[in-house]
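S.K.: Numbered by our numbering, the letters in the sequence shown go through residues 1215 to 1516 in order. C-beta: ideal position from N, C-alpha, C; glycine also. No experiment lies behind these values; they were computed from the predicted model shown.
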Amino acid sequence: MKIHFRPLLILGVLALGLSLGGCMAKARTLHVAVGDFRNESIAAVDAIDAMWRAEIAPPPTTPAAATDAFVEDVLALNTDADDESLATILYPDRISDDEQAILEERWGEFLGDLRLQYVTFASIFDNVERASFTGRDEIARAQPYVEKLTAQLAYFAEAIAKAPPRLLQHRGALIAQLNTLRTSDMPESDKRKQIALWRDSWMAMEAAENDLRDRTIRQCVKAAIVGKTVRDQIVAYGDLTLADLVEAINLGLQLAQSASGNDFAGLRGRVDEITQAIQADPVWSSSVSQVLGQIQTLGTQP
1215 MKIHFRPLLI LGVLALGLSL GGCMAKARTL HVAVGDFRNE SIAAVDAIDA MWRAEIAPPP
1275 TTPAAATDAF VEDVLALNTD ADDESLATIL YPDRISDDEQ AILEERWGEF LGDLRLQYVT
1335 FASIFDNVER ASFTGRDEIA RAQPYVEKLT AQLAYFAEAI AKAPPRLLQH RGALIAQLNT
1395 LRTSDMPESD KRKQIALWRD SWMAMEAAEN DLRDRTIRQC VKAAIVGKTV RDQIVAYGDL
1455 TLADLVEAIN LGLQLAQSAS GNDFAGLRGR VDEITQAIQA DPVWSSSVSQ VLGQIQTLGT
1515 QP
């Protein structure tokens, strides 16, 4: 697999080392890595958002199929049509406006808090060119924050791997369709053919669920790897030379890019590697309980 490096880190930092003092160049290098962490983390939050919205979305249908279903539902009405019955027939899978508003508000608050955490952490480094920031104590203060945020990403990935997304309305519609086929009075040969076609639809839905799972986990893993790289460099910052820092960050970015494969077992292995590294570190593991409690929020969203 081809790995894409960012020339900014490989070449740009070397140029910075010539024009700035060693401490300042190190701080600026770390700042660039923190920016990558922020970007990958926001992308992970967006992926979680897309996953949730896909789970509650109505099943896909063609215009022709929607029209046919509407005609059948109108003909099946026992009373005259009114606004309420037409709304149900026209939009059978739509969530009520009040319920949708509640869902959107709660989910929006949840995601807004997530995004703010990563943006706020990155903003700590925005004044990296100030001489006061180059002190080891200043950089060390960022350690608990990046530990929490990185663990959060790792455990999001783990939670999704253990409880994969389900296209709830799509599944429900297909199950209802199968039950209708089973009890229909169509000729046996036609029934068998329709059930065989139904199986293809179910398998395609499961493939879509797996793809949604893998894409979301992959982005969380990428962001967590970059976060772990930043965390490790903060811990060892005082003992690193500029060359050491550049090399370590580039290796971390390379590892993050390698998480873009399509093999779920490989992705799950990466998740296990990160969570085990967190739990094996006495300092880092002290915040795991808090993070795990927050991750449960993902599972309690409606």
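What are the boundary residues of the alpha helix (DSSP H) that Phe1478 is part of?
M.R.: That run of the alpha helix (DSSP H) goes Phe1478 to Ala1494.
S.K.: What is the DSSP secondary structure of Ile1338, counted as helix, strand or coil?
M.R.: It is coil, neither helix nor strand.
S.K.: Is the distance from the Cβ of Ile1431 to the Cβ of Val1485 below 8 angstroms?
M.R.: Going by C-beta atoms, Ile1431 is nearer than 8 angstroms to Val1485.
S.K.: Can you give me the C-alpha to C-alpha distance between Tyr1332 and Asp1453, rounded to a whole angstrom?
M.R.: Approximately 26 angstroms, taken between the alpha carbons.
S.K.: At what residues does the alpha helix (DSSP H) containing Ala1457 begin and finish?
M.R.: Where Ala1457 is concerned, the enclosing alpha helix (DSSP H) stretches over Leu1456 to Gln1471.
S.K.: At the level of alpha carbons, what is the spacing between Thr1455 and Ile1463?
M.R.: Each residue's Cα considered, the two are about 12 angstroms apart.
S.K.: Do the region 1441-1452 and the region 1370-1387 touch if we need at least three Cβ pairs shorter than 8 angstroms?
M.R.: Output reads no: the region 1370-1387 does not touch the region 1441-1452.
S.K.: Using a 10 Å radius around the Cβ and a threshold of 16 neighbouring Cβ atoms, would you call Gln1255 buried or exposed?
M.R.: Note that residue 1255 corresponds to Ser in the displayed sequence, not to Gln. Counting Cβ neighbours within 10 Å, Ser1255 comes out buried, since at least 16 surround it.
S.K.: Quick one: grab the DSSP three-state call for Arg1380.
M.R.: Coil, per DSSP.
S.K.: When DSSP labels each residue in this structure, what does Met1417 get in the three-state scheme?
M.R.: Met1417: helix per DSSP, three-state reduction.
S.K.: DSSP three-state call for Ser1403: helix, strand or coil?
M.R.: In this structure, Ser1403 counts as helix in the three-state DSSP scheme.
S.K.: If we count Cβ pairs, one from each stretch, closer than 8 angstroms, do we get three or more for the region 1352-1362 versus the region 1382-1402?
M.R.: Contact fails: fewer than three Cβ-Cβ distances are below 8 angstroms.
S.K.: Nearest-angstrom Cα distance between Ala1457 and Pro1378?
M.R.: So the alpha carbons of these two residues sit roughly 41 angstroms apart.
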